[in-house]
Each structure stands twice: as structure tokens, then as C-alpha cells.
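Undergrad: Residue numbers (this note's numbering), protein chains in the order written: chain A, 860 to 1140; chain B, 4 to 577; chain C, 113 to 444. Even glycine gets a Cβ: it sits at the ideal position worked out from N, Cα and C. On a predicted model such as this, the values are computed, not experimentally measured, just so you know. Below are the C-alpha cells for one structure; questions will follow.
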Amino acid sequence: MNDTSAWSTLKHLLLEKPLGAIGFYLIVLMILSALLANFISPYNPLKTNFGNALQGPNFFHWMGTDTFGRDIFSRLLHGAQTAMLIGFSTSLLGSILGALLGVMGAYFGGKVDLILQRVLDVFMAFPIIIMALAVVAAMGTGTFNLIIAIAIPIIPRVARVVRSSALAVRQTTYVEAATALGSSHSRVILRHMMPNVMAPFLIMITAQLGQAIVLEASLNFIGLGVAEPTPAWGLMLRSAIDFAESAPWMGIFPGLAISIAVFAFNVFGDSLRDVLDPKLG
Amino acid sequence: MKFRWSHSFIILFAIGIFFLTGCDNTSSNQDQDTNTTQETNQNTDNNTSANTSTETNTTTETSTTDSGVIIPKSGGILDFAVPRDPPSFDCHRENTFACIHPIAPFYSLLARFDQNNYPAIVGDVAESWDVSDDGLNYTFHLHDDILFHDGSKLTAEDVKATYEKIIFPPEGIVSARKGSYLMVDSVEAPDDVTVVFNLKWPSISFLANIASPWNFIYKASILAEDPTWYESNVMGTGAFKFVEYVNGAFLSGERFDDYFMPGRPYLDGFKAIFINSMSARVAAVRGGEALIEFRGFTPTARDDIVRQLGDEAVVQEGPWICYLNVAINNEREPFNDSRIRRALNLALDRWGASDTISKITFIGYVGGLMRPGSEFAAPEEELTQYEGFWTDIEASRTEARRLLEEAGIDEGFSFQFKNRAIGDPFEHVGVWLIDQWSQIGLNVEQVVQEDAAFFADRSGGNFDATMDWECGFMDEPDLQLFKFLSTGVSGSNYSRYSDPTLDSLYERQSKAATIEERIGIVREFERYLFNEQAYTFPTLWYYRISPHWAKVKGWTQLPSHYLNQDLRDVWLDE
Amino acid sequence: MQQYIAQRLLLMIPTLFGVALFIFLLMRVLPGDIVEIRFTSEGGFVSEEMIQIERARLGLDQPLPVQFIKWMYGLIGQPSVDAQFPFIHLQAPDLGVSMWTGRPITEEIAIRFQLSLQVAIMGTLLSILIAIPLGTLAAMYQDTWIDYSVRIFSVGGLAIPSFWLGILIILFLLNTFNWIPPFIFTPIWEDPGKNLTQLIWPTLAIGYSYSAIATRMMRSSMLEVLRDDYVRTARAKGLLEHVTVVRHVLPNAMLPVITVVGLEFAFLLGGLVVTEQVFNLNGIGKLFVEAINHRDYTLTQALVLLVAVTFIFVNFVVDLLYAAFDPRIKYE
């Protein structure tokens, strides 16, 4: 498996794995709605209008309105921006740092590996949500801080998985050869080892994407997510709790959006793993 | 019943949707529409039923108290929900209702507010009291037959020791409201049933502070031995004896048979169940795990409870001595310019919001610095003269824009508004404020913080504008206006300004000879604050909604959730 | 093997010390102050003087190194010389008192531990019960509709935020049966029926969502084992398909599942923050959030150590199990 076959892998996945294909198309759909939200949403997602508050789904407001009379469909579309931003940036940030640490540990081995593993153990020993809670508490809420908070717990988990694959790569002849030929550490790591752990890396990214979106929603539930009036699915779901019965549309649509997003990333990730490397968990 | 079933289908349907995450969107939308119509119907039903039950409740309450048609029944255990654990059992040092709700039933006060005639003050362990002509000596005559739960007799020494702990705490001991008793010079106990308070200056608010719900009467000998004993132990003269406390779960008490009031309490016992999350508290009342929660619910929670319980629910609603206000950082450019602060105040359509916001959260009365409807509050025709309270919102916003322009603030000027990460009512009001300010061309970003960080920023002055609030147990200018004194004079003024005018007006009203004079000065205080400075200004006042099981009787909702929690008159009609 | 165990045990010390130091510093970096939260969160006029008195009482006015050393000193167990026996004793670790409630931390944790442990065990068992048959089925019928349904079902557990699932369960019970599970915990040996009526619902919510990861793991490790040579040999010998699966494939495929489930178990003990809020369970997760929100340094530190110790210990046990069950793995 190498870079040039990326396109053919995707084609294979889309043809052979119907679930993965559904996931892929859903992801594309969400990215599109995030990108086009400003053009296609019928209302300003921030515009409050108390006269319109708590309307059920109707011709003018397809998904109804919330407590402030804001259009839920428009907020959902804009919420896709927040979700994609948080999902992609946390999993990319966390996975890249995690992969680098994992590969470094495998490459250097010995004491470096030992110390690195202990440090990662320290971070692993915190429940994810507690870790995120502490980071948000330290840095404050807001989209950027939330990204950091969700990315940090991802790092050690990715590092573990990547390290075990990298250990195998370390033993291969071409890495040994590259080292013997006097290539610098960073060159060996970036040019020879990283590309060879791409499979677990990609799988972890897609797995973390879904997790990040759910984690964002959970943090919102305990009051530590994105701030109102920013449209975000988790935030919408949280404010829907009190209205779960009197205005169920407030919760159903953002809940559905979260579920679809997580579903899409997970089945896509699973299928990707099936195609790339069935041995990985 | 038919509604309930249809309802569960909605829930099932919702669960179903989540399971079948892949299903296509259009069909679910249509299904949703049909369900919604049912929902709306139900809502209309609920509103009417909520109203009727409020009325029913009022009638029963009157008949119980006035004509005595309904004779209270004895027996039963009252399960009630409390949103948090008490931080300790010693409410002298705490500042949260979570201390009062579970602990107050174990204690007596010197005097208390009368639940049937608020804000009248009646005796508790005091049978009566006299005030000297110069208003400097208050002599309390105690009941002589009051027993502690250990069987020992309560004497004046116990009251003296209690108040000395509150007013002159020993070194290293926290007394949260020490500052409310600066007028007290000394406390004496000339004999077993007499307590005398000697004041440094006459004070109209002194008696209200004696009826403070925080001032549980403790036992002198225990305090002498260890003033911290009461933090984790209970020994009082209240209607209930302590039974058990399981941290995080519940706290229970049983009837004290030797309580000094004959026939009381009616209940055999109570159990305070600690339930953090709002949705779980609502569920607890709906499912009968708790019969009542004594702080207050949202309008939606009220509707859900009434829908579930039908005739078995009553709702008590009324004003609440609590409000949210906007604190502006007067040390920061450009907010040190009064024109900008006044513009921020003028932008708020309080009258419009009182109709709309009250539907989604427990807020809605328009008022100045004193609770609307209370003795010291400005009547509507005067209130509408204050800036920010004009009935013509367009004129108000035009004036706001003019002030901004004059102060050199451009359209689209941006700043941060810091708020607590609590939905009801904080974030709702935050969203409203930002919307209001956007209508005079300001672009405000709401920053929601978890509590600890929020408090640190607020007291540290790390904000442009921040949410602030105040709750009290009494409509008393000494207590309510204290917040607006210069920073440093008042510990709870977070707006960072210093204004001798306000300080001296406060001093004058506190020592005013007559009520009329006092009211006049309070008005002057309000006018000056709203029309000239607007350092900080209230948004809207709370309204308190207590939906509960109809079988809980003998508890009247007062305008403060700190009051009326000794449960001695509460009974269960079952 | 013994050397390996000793080495692993020794390595726990720096990890735990790291955790302790990290949480100690992290808590001090967090903005906010327990005294301010306690006295000013509902308005009111508590003076600066009172705030200073309380800070001093909690020892917050002492320099950080002093606070840290005191904490460590209590944890290690103060050596004391007993008058009657001329030995130096090491007392049990003293976690101190909670800054918020003033009660011993061991007491605060003990009350919640039983509930959290039971939910964690039940949740883990349920997730295994779901994961093993479903994962096996999905792998045996890879890329058929059975595989797809299993995967859709199990991803559902991840896809519904647990607080939302919990709230839907409660609303469903309220509307259908006019009933909600009890809010107060009864130990299982006192009244198993009452205990289960309370805990079965959160267990369902948790077990379902945690089974997603385990099912996925089961499926992929089954797939892997099914491709192994000895399975092919067994098939070639003409053994019936399901016999092959039960005797040869399942035991080998379960190892990685044990790892995942084991590690999740440690988090179930302290990380059920949201579920505990929704069902009002008086567990460790709820205590955790309260402790952080109150900036209750001593309690937060103790809880983090508790979860870390559990995590590291479970990790260790899982590794040993690996060695015991899988003849291919040897630790030297």
C-alpha cells in the first residue's frame, strides 16, 4: 500500500463496501453543507425573533424554530461548519502529534521510548471527558480551546496504535538501510517511517472524527462547549433537553445530525480499515 | 391516558430514528409534522390546566389558613428535591440555599417571616420583643419551654452565643453575613428568657436581619467547646431531628416529638434528595420520587409536570427577589464613558422581553433596583421615566445611537460579554442581551465560562461586560442597594467604580427617620444610577414557579427561596 | 516472568508520580478559587476578610511546594514510632479531607465507589454479551446483510450522545409507565430488586454504547483469526463450521477484546460523568465533575489518582492475561 494507490483504494471501497460508500457520501454531503451553509440556509442562524419562537416544522421553517425563534434548519447547516471544523481539526491535530510520538518512540527505542511511553501513560490514565474538562477549565471555552481540549486525549491513543505498527516498520530492511546510509533521524522518520504507518494513521483519524463530535456534544451538556449564539449541534441538543417533550423538533434534528455524522465517520473508517489492513483494531 | 400513549410513541419514534440513523430525511420530516400537531394541542391544554390549578391552590391555601375548613393531617414523609448537597451543615458560614433547604428543618430562628403574611415578622424562639424609644435597644422575650434535640433546655445564653458567633466570630471562623450586623454593639442575656441587642445607631433593617433564615440558633456549650462543630453535626431546637446524611444522595430527618409548638410538625419526617441536573429533578417530581422542589422550575418544566400529574399537581407562581444585571467594567476604555454605558442600558427592550423571555425561562418582571411590587419599588409611571425603561423602545434606541455617536463609537463596535455556562436563566438572557445590543449597531460576542473561571474573571476585572446577579431574602434597601456602593465599600460590586454620591445616598436612606423619606432617597439613588451613570444595570427580575404534588400542603411560596424552609407547617394530604 | 512482573510494578511508580504531579499543577493552573465559588456564587456580601480566613484554613495560603509535599507525605503514609513496639509503622495512605465538604476523602469516595463499581461491572458484562455474538456473526458473514445490520446497530451506540439516550430512556419510562427508576442507591445485598430497578437503565445505556467498540474489535480479530492457517486446517479436516468457530476461533479472537474491555472498564469507573448526571447516580464521575467545578484540589487529586491506579492496574492484569492465554506471547 503506498500513496499512488490512494485513489484506487477509495474506488475499491466505494464499489465493494456499500456501508463505507454510504458513509463516504454522507461525509461529502456534510462537508458540502458546511461549505455552502452561507448560501443555502434560508435564514440567518443568529437572528432571534421571539414572535416565531418554538414553532413546529412547517413550510417556512422546515425543522421548526427554537426558543429564540431562530430557524433550526439554518442553524443545523451552520452547525455543520462547527462540527466539521472541530471534528477534522481535533482528529488531525491529535492524530498527527500522536503518530509522530508513536513513530519516534518506535524509531529511537530504548530510553527515549521508555520515557515517552510513561508520559503517554500519564495522559492515558485520565478519562477522556475529565481531561477535556480540565483543559476547557484551564483555557476557557470557545471553539479554539475546545479543539485543543478534544485533541489532547486523542494523542496518546493514536501514539499507542501507531507505535506498534511502527515497531514492525523499524525492523524492515529499507529503514535499516536508510539509517546505515547516514540519513538524519528526522529524514528517516518523516520520509521512511511515517508513510509506512499511513494505514493505522488514517484509520485512527476517521475513528476519532466521530468521537470528537460526540465528545463536543457531551462537553456542551455539562456546559463547557461552544458558546451561544454560535450554531453548534451539541449546543442545540443541550438547549433542547428542557423542551424534549414540548418542542421535540428542537432535539430531534440536531440529535439526528450528530448521529448521522458519527455513523458516517465510523462506517467509513471501518470499511477503510477492512480495505487497508484487516489486522488493525 | 390516551395522550400518554401517543406520547410514548413519539419517544419511541425518536429512539427509532437514532437507531436507524441511515434513514432518509424527507419521510421523517413528514412523520414529525403529524406528531407536532398533537404536541401543540397538548400544550394549549397544559396552559389552561396550569392556570386553573394555580387558582385552586390559592383557594385551598386560604381556606386552610383563614377559615380553618381543612384540618391538617399528621404523618407521612416528605421527599423533596434539592439541586445540590449542602457544602456544610453550618449555614452561618455558607451562602447557598443548598445549605438552608435540607438543614433548616432542624433549627429554630430568633424570629421568622410569616408565610401567610409576608413580609411581616413573627417570633420563633422569641415570643415577643420590645424596642426602646431611641431605637437602640431590642429586647427579645423567649419561650421558656424550648428543648434541644438532646433534651436540654434552650436559654438566652444559647441565643447570645449564636449571635456572637455571627456578629463577632472568633478568630479563624467565617461568618458570611457579618457585614449585615455592623450596627450591633453588644448582645446581652440578663436572664434565661431575655436577650438584649444594643445597637450603635438606630436601624430599620435590624429586625429583618434578626429574621434572617441563615441564623440558626445553636447551643452555647457546644459552640464554646468547638465553634466548628456545627459544620458537620446537627443539634438544634427545630421541628425535626437529624437522622442520616449520605453524601451526594440524601439527607433525612424525623419528627422531634418535644418540639415547642404543640401539634407541630405534622410530618413524621422528611428526606432531602440531592439531584444535580435540572432534567432529572423534573423527572423526579413527575415520577413521584420527589413531591416538590423548593427553589423553582422553568415554565417548560412546569408544563411537563402538570401534563404528567394532571389534577395531582398544583402550581404556585410569583415574584422572586432575584435579578440578573449587567456589570460593566468601568476601568476599561471606552466603558469609562457614561454615554456608552447609558446606551447599553437604553438598548434593552425590557417591557417587550418580559412577555417573551418569561415563556422560556423563569425571568420576566421589569423592575429597577428594588423588587417590582415591593414597598420600595418605583411604581410603573416613575419607572418608565428611568432610562432603559421607556415604553417607546424606538425612541430609546434612537437616543442610544445618538449617545454612541456622540461618544465616537462606530457602527459595529465589538466587545465581549462574559456569562456563566448555565442555561436557565443565564444563557437565555445572554442571547437576548446580544440581540438587543446588535439593534443599536454593536457587535457583541458572548463568552460562556464554567463557574470557577467566570468568578475569577468577574472579581479580577477581566471582562468588558459580564453577567452579574443578586438574590435576597428580604425587600430591604440596605441589602438590595449595597451591591451598588463603590467597589471596595461593597464586596459584591464587580463593576469597578467609585462614586461618593451613591455611597452617601445609601448612608442617608439607611438612617432615614421615616419610610416616606427613605423611599424618596431610594428613588433618587435609582434615578442617579440609571439616568446619569449606568455603571451596572438590572436586566429583568426572576419569577418563581413551584409546581408540586397537590398533596403537599401548608407551604406557601414566598418571594425568596431562602425563606420558609423549616417545614413545621407542611403536611401531606394522603 | 517474575522479573517482568517486578519490572512492570516498578514502572508504575514513576507513572503514578507523574500523574500526581501533573494533576497537582494542573489544578493550580486552573483559574478560579474554591473559596470564591463557595461564598459568591449566589450573590451576597461575603467580605474579603472572610475569604482570607477561609483560604488560610484550607491551607491555600501556603507555597505550592509545601502543599505538594504535605499531600505526598499523607499519601505515602506518615511513618510513626509506636511506643509499645519499637518499630516504625507506615500508616495507610491518608488522602486528607475534601476542601469543599470538610469530610474525609476516603469517606466521600467509599459512598460512591460501590455504585460506580457495580455500574462498571454490569456495563462491561453487557457490552461483552452484546459484542461477542454480534462480532462473531458479523465476521462469519462478512459483507452480507448480517454484517451490515450488526455494524449499523453497534455504531448506533457510539452515534447517540449518551446524555441524550439517557434522557430518552427516562422520558420513555415516564410517559409509558408513569414511573421512573428510584433515585437513591440501595446496595445489591440489601435489596437486589430495588438495586437493579435503579441501575438496569444506566447499564443499558452504557453497555450499548460501549459494546460498539468491543463489537468492532471482536469482528476484526475474528476476521484475522479466520484467515489463520490452523483454522484453514480445521476446516479442511471437515470439522463443522460452528464447531470450528467455537473451539478454535473464539478463544483466540477474544484476547484483543479483553484488552479493549479491560481498559474501558477503568474509564467506566470514573468517566461516566454525563450518564450519572442524567440518571442522578451518586457515582465517582459526578463527584469528579463537582470536584473540578468546585476547584476542590484535594478531592480532584485523589480521584485522579484513583482512576489512574485502576487504569494502570487493569492494564497490567490485561497484559498478564495475554501471557497466560496466548502461548505465542512470552515476556522476558
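Less than 8 Å separating the beta-carbons of THR218 (chain C) and LEU362 (chain C)?
TA: no
Undergrad: Could you give the C-beta distance for LEU349 (chain B) and SER399 (chain B), rounded to a whole number, given that I count them as a contact under 8 Å?
TA: Yes, they are in contact, since the Cβ atoms of LEU349 (chain B) and SER399 (chain B) sit about 5 Å apart, within 8 Å.
Undergrad: Closer than 8 Å, CB to CB, is ARG289 (chain B) near chain C or not?
TA: Look at ARG289 (chain B): its C-beta is under 8 Å from a C-beta on chain C.
Undergrad: Tell me, please, which residues DSSP counts as bridged to VAL134 (chain B).
TA: B:TYR141
Undergrad: Less than 8 Å between CB atoms is the rule here; does ARG215 (chain C) satisfy it with respect to chain B?
TA: yes
Undergrad: Relative to the C-alpha of ILE258 (chain C), which candidate in C:ILE300, C:ASP206, C:LEU246 has its C-alpha closest?
TA: Minimum Cα-Cα distance from ILE258 (chain C) among the listed residues C:ILE300, C:ASP206, C:LEU246 corresponds to C:LEU246.
Undergrad: Quick one, which of A:GLY957, A:ALA1123, A:TYR884, A:ILE1081 has its alpha-carbon nearest PRO1015 (chain A)'s?
TA: Measuring C-alpha to C-alpha distances from PRO1015 (chain A) to each of A:GLY957, A:ALA1123, A:TYR884, A:ILE1081 identifies A:GLY957 as the nearest.
Undergrad: Just curious, the alpha helix (DSSP H) that PRO302 (chain B) is in, first and last residue?
TA: 302 to 312
Undergrad: Can you grab the Cα-Cα spacing for the pair GLU397 (chain B) / ALA356 (chain B), in whole Å?
TA: 14 Å
Undergrad: At the 8 Å Cβ level, is THR152 (chain C) part of the contact set with chain B, yes or no?
TA: yes
Undergrad: Using DSSP bridges, identify the partner residues of GLN449 (chain B).
TA: B:PHE420
Undergrad: Taking Cβ to Cβ, would you say ASP925 (chain A) is nearer than 8 Å to SER1098 (chain A)?
TA: yes
Undergrad: From PHE263 (chain B) to ASP271 (chain B), what distance separates their C-alpha atoms?
TA: If I take the Cα positions, the gap works out to 16 Å.
Undergrad: Report the rounded CA-to-CA distance for HIS871 (chain A) versus ALA865 (chain A), giving the unit in angstroms.
TA: 10 Å
Undergrad: If you run the structure through DSSP and keep just helix, strand and coil, what is THR539 (chain B)?
TA: strand
Undergrad: Can you tell me which of B:GLY415, B:THR504, B:ALA223, B:THR539 puts its alpha carbon nearest to the alpha carbon of ASP471 (chain B)?
TA: Considering only B:GLY415, B:THR504, B:ALA223, B:THR539, the residue with the shortest C-alpha distance to ASP471 (chain B) is B:THR539.
Undergrad: How would you list, in chain order, the residues of chain B whose beta-carbon sits under 9 Å from the beta-carbon of ALA912 (chain A)?
TA: The contacting residues are THR359, LYS362, ILE363.
Undergrad: Less than 8 Å between CB atoms is the rule here; does ALA283 (chain B) satisfy it with respect to chain C?
TA: yes
Undergrad: Using a C-beta to C-beta distance shorter than 8 Å, which residues of chain E count as neighbours of SER159 (chain C)?
TA: The question asks about chain E, but that chain is absent: this structure's protein chains are A, B and C.
Undergrad: In whole angstroms, give me the CA-to-CA distance for ILE223 (chain C) and PRO268 (chain B).
TA: 31 Å
Undergrad: Return yes when the Cβ of LEU270 (chain C) is within less than 8 Å of the Cβ of VAL1126 (chain A), no when it is not.
TA: no
Undergrad: What residues in its chain sit with their C-beta under 6 Å from that of GLY415 (chain B), if we drop five residues either side in the sequence?
TA: ASN446
Undergrad: If the cut-off is 7 Å on Cβ atoms, which residues from the stretch 253 to 266 of chain C count as contacting chain A, listed in chain order?
TA: TYR260, ARG263
Undergrad: Helix, strand or coil for PRO550 (chain B)? Go by DSSP, reduced to three states.
TA: strand
Undergrad: Around the C-beta of ASP133 (chain B), are 16 or more other C-beta atoms found within 10 angstroms, so that it is buried, or is it exposed?
TA: exposed
Undergrad: Opposite TYR368 (chain B) in the DSSP bridges: which residues?
TA: Partner(s): B:TRP544.
Undergrad: Considering only residues of the same chain and omitting the five flanking positions on each side of VAL492 (chain B), which have a CB-CB separation below 7 Å?
TA: ASP506
Undergrad: Considering only the beta carbon of each residue, do SER950 (chain A) and GLN1030 (chain A) sit closer than 8 Å?
TA: no
Undergrad: Quick one: is ASN236 (chain B) buried, meaning 16 or more other Cβ sit within 10 Å of its Cβ, or exposed?
TA: In this structure ASN236 (chain B) is exposed. Its beta-carbon is surrounded by fewer than 16 other beta-carbon atoms within 10 angstroms.
Undergrad: What residues in the stretch 131 to 142 of chain B bring their beta carbon closer than 9 Å to a beta carbon of chain A?
TA: Of all residues in the stretch 131 to 142 of chain B, none has a Cβ within less than 9 Å of some Cβ in chain A.
Undergrad: Just how far apart, CA to CA, sit PHE485 (chain B) and LEU532 (chain B)?
TA: 13 Å
Undergrad: Counting only Cβ-Cβ distances shorter than 9 Å, please list the residues of the stretch 1084 to 1103 of chain A near chain B, keeping chain order.
TA: The stretch 1084 to 1103 of chain A vs chain B, Cβ under 9 Å: GLY1084, VAL1085, ALA1086, GLU1087, PRO1088, THR1089, ARG1097, SER1098, ILE1100, ASP1101, PHE1102, ALA1103.
Undergrad: Within the stretch 931 to 1006 of chain A, note down every full alpha helix (DSSP H) run reaching 4 residues or more, in order along the chain.
TA: 931 to 967, 969 to 983, 987 to 998
Undergrad: List, in order along the chain, the chain C residues whose C-beta lies closer than 9 Å to that of CYS94 (chain B)?
TA: Neighbours of CYS94 (chain B) on chain C: none; closest Cβ ~12 Å, over 9 Å.
Undergrad: Which residues, taken in chain order from the stretch 386 to 416 of chain B, show a beta carbon closer than 7 Å to some beta carbon of chain C?
TA: none
Undergrad: Can you tell me whether DSSP reads LEU406 (chain B) as helix, strand or coil?
TA: Looking at LEU406 (chain B) - three-state DSSP - the assignment turns out to be helix.
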